[in-house]
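Have a look at the structure below, then the notes.
This is the structure we're talking about:
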């Protein structure tokens with residue numbers, strides 16, 4: 004099981020970024036996201052995506068310290084200060100019940116100390132969303148890109164149009180949007 008812990012969520016300021024964390028986590032193979040501050044709008048958005056696009060994914064809310072203290076598994080903290088992703092990903096793939104920690108604000112020293120792995124993605128400042136996407140892609144070795152979510156909506160690949168099938172409404176004809 005792969006769970007993402009999103010630390011430092013500020014509902015009024017981070018609504019788009021935290022939504023993107025959840026969307027990337029789901030699309031790239033994580034099972035769940037835990038956000039450290041409750042946000043009903045975020046919860047409804049993620050539930051709607053799962054209902055329409057499929058998959059077994061959830062978002063829940065709990066304090067980061069509680070999550071870290073009670074986690075029964077491996078803690079992987081994505082940071083620009085850690086060891087290179089490419090040097091440790093093979094070791095991480097062998098483990099189960101992984102908590103991937105990403106922050107929005109300055110991450111407290113306690114997180115670095117509690118993590119089994121502090122992993123850097125480029126050792127340069129960039130987005131936690133990008134770090135999560137790259138980590139999950141390396142973890143699954145690209146296989147997540149072929150996952151069938153068995154949702155009500157399915158994209159039909161096209162180089163010129165936005166096409167999808169609405170499976171839930173038995174409308175097998177492609178819709179152009």
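In the numbering used here, the protein residues as written are 4 to 180.
Heads up, the beta-carbon is just placed ideally off N, CA and C, and yes, glycines get one too.
It should be emphasised that the depicted structure is a prediction, and the values quoted were computed from it without experimental measurement.
- In this structure, residue 100 sits near residue 76, with a CB-CB distance shorter than 8 Å.
- Unbroken beta strand (DSSP E) stretches of 3 residues or longer found wholly inside the stretch 18–69: 35–38, 61–64, given in chain order.
- Between the alpha carbons of residue 18 and residue 45 lies a distance of about 7 Å.
- Going by DSSP, residue 9 is part of the beta strand (DSSP E) stretching over 5–10.
- Under the three-state reduction of DSSP, residue 162 is assigned to coil, being neither helix nor strand.
- Annotated as proximal: residue 118 and residue 79, with beta-carbon spacing under 8 Å.
- The beta carbons of residue 157 and residue 167 sit closer together than 8 Å.
- Per DSSP, the continuous alpha helix (DSSP H) segment holding residue 138 begins and ends at 131–143.
- If you draw a straight line from the Cα of residue 48 to the Cα of residue 161, it comes to about 26 Å.
- The C-beta of residue 159 has fewer than 16 other C-beta atoms within 10 Å across all chains shown, which makes the residue exposed.
- Nearest C-alpha to residue 8 among 16, 148, 81: 81.
- In the DSSP assignment, residue 81 is bridged to 122.
- With fewer than 16 other Cβ atoms from the protein chains shown falling within 10 Å of its own Cβ, residue 51 counts as exposed.
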